[in-house]
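Residue 13 in UniProt numbering is what sits at position 13 of the sequence shown, and the numbering runs on without skipping anything.
Single-structure report; data block below.
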Amino acid sequence: MHRSGATMAWNVFKFCTALRALGSIMILLVLGVVGVTYYAVVLNTYGPALYAGGFDFLVAFVVLILFHSLFCTALRALGSIMILLVLGVVGVTYYAVVLNTYGPALYAGGFDFLVAFVVLILFHSLLVMLLWSYFAAVFTDPGSVPPNWRPAIDEEIGEANPLVGSDLNNDVPSDSSHQRIRYCRKCNQVKPPRCHHCSLCGRCVLKMDHHCVWVVNCVGALNYKYFLLFLFYTFLETTLVTASLLPLFLAFFSDGEIPGSPGSLATTFLAFVLDLAFALSVLGFLIMHISLVASNTTTIEAYEKKTTPKWPYDLGRRKNFEQVFGMDKRYWFIPAYSEEDIRRMPALQGLDYPSKPDFNSQ
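The structure is reproduced here in structure tokens:
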């Protein structure tokens, strides 16, 4: 029986959505603990005590003030918790693969030595690139609107343009790429093309894709490549770990005796399950973002342009790829750009993007 192309595409979409959902389990777990705590303290215990009056009211009032103050501080610290969670998974994986399994195999000699040597070289190489890309995405500013920035058309008109500094509407054309001058009422400033306001960061972010809790940062024009490389190397690393620990994992269900202490065996089992879950989850994200890069679209724009038949920034797959990764092939797989690419490609600065008419006329 043959399935139609539409049915198969829908099944692939559902499959990728399910894979992506795996990565949200830990976040939902954290939020669940927060919700249970809030219900127990505020809604169930000290909230009703506010109506009791007297000393009970005073105690409840003080507790709730302190709780909400610390609660907000804890939410702000959630980002650091997510970083520690990532490093924790890396630590468990490193112990299981290097210290517990393939490190000791280096002393075995023969074929076991060769396998262990190859696995450890690949593991450490991917780990270095993973952490480099991760911290580049965490600590790189995704891009913000420069003070007193104005669109190019406004600079040509001059200082007398009454639109600058005013409450702009969305009906004013700006340039040949059919973009419109947009105004952020929260930041009280004009927004460049493809720029969006992030309520979590409290500012406008250049070419904003989404706010990622795993990197504790917005993903935008200046760190989108680093985020993609983080996904790429995470998938390769977790796939390598899953494959290398699979024989030990299967041994848990055999009748034979497994060497090692209960603690080391439990850590190996946990590392396999975690890395398998992350490999499947990251695979969904990676597939989605590969399709976005191929069409030169962000996650936000993908939702916004559902009814738009033509996308002016789609320059073809090769050019779309270069708009994110640069033109210098030596830098495609490392979280950095060459100075020449930064100088000659305005898109890497996040303020100006070539569209089809502009690009073809060059």
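Yeah, the Cβ is synthetic: ideal placement off N, Cα and C, and Gly gets one too.
None of the values given here were measured: they were computed from a predicted structure.
Within 8 Å, strictly: CB atoms of residue i and residue j
i, j, result
"L120", "Y102", "yes"
"V219", "V97", "no"
"A137", "F235", "no"
"D314", "T93", "no"
"F253", "F272", "no"
"P312", "S355", "yes"
"Y233", "M82", "no"
"Y134", "F278", "no"
"L50", "D141", "no"
"L64", "V42", "yes"
"L106", "F123", "no"
"A60", "Y39", "no"
Coil, strand or helix - residue i by DSSP
i, result
"S281", "helix"
"R182", "strand"
"S261", "coil"
"E80", "Here residue 80 is Ser; the residue named in the question, Glu, does not match the sequence. Reduced to three states, the DSSP call for S80 is helix."
"S144", "strand"
"R203", "strand"
"N217", "strand"
"K310", "coil"
"S355", "coil"
"S177", "In this prediction, S177 has a pLDDT of 42, which is less than 50 and means its spatial position is unreliable; nothing more can be read from the coordinates."
"A347", "helix"
CB-CB length for residue i against residue j, believed under 8 Å
i, j, result
"T298", "K207", "6 Å"
"K186", "H197", "6 Å"
"C204", "S144", "7 Å"
"S244", "N100", "With a Cβ gap of about 12 Å, S244 and N100 do not count as contacting."
"W132", "P335", "6 Å"
CA-to-CA distance, residue j to residue i, given in whole angstroms
i, j, result
"H210", "E340", "28 Å"
"A266", "G88", "15 Å"
"I287", "E301", "17 Å"
"F325", "W332", "6 Å"
"L270", "V216", "25 Å"
"residue 364", "F285", "Because the chain here runs from 1 to 362, residue 364 falls outside it and cannot be looked at."
"L351", "P193", "7 Å"
"L127", "Y224", "19 Å"
"R317", "S295", "7 Å"
"L163", "P146", "The pLDDT assigned to L163 is 43, lower than 50, so where the model puts this residue is not dependable, and the model offers no usable value."
"Y353", "S80", "34 Å"
"D56", "Y183", "50 Å"
"M327", "C201", "30 Å"
"L246", "S261", "18 Å"
"S125", "R343", "30 Å"
"G110", "L283", "35 Å"
"F321", "K329", "11 Å"
"Y337", "H289", "20 Å"
"Y95", "H68", "39 Å"
Interface flag, residue i vs chain C, CB-CB below 8 Å
i, result
"V215", "The structure shown contains no chain C; it is built from a single protein chain."
Check: Residue ranges of each beta strand (DSSP E) run of no fewer than 3 residues wholly in the segment 215 to 251, ordered along the chain?
Finding: Every beta strand (DSSP E) of 3 residues or more that sits fully in the segment 215 to 251 is shown, in chain order, as 217 to 219.
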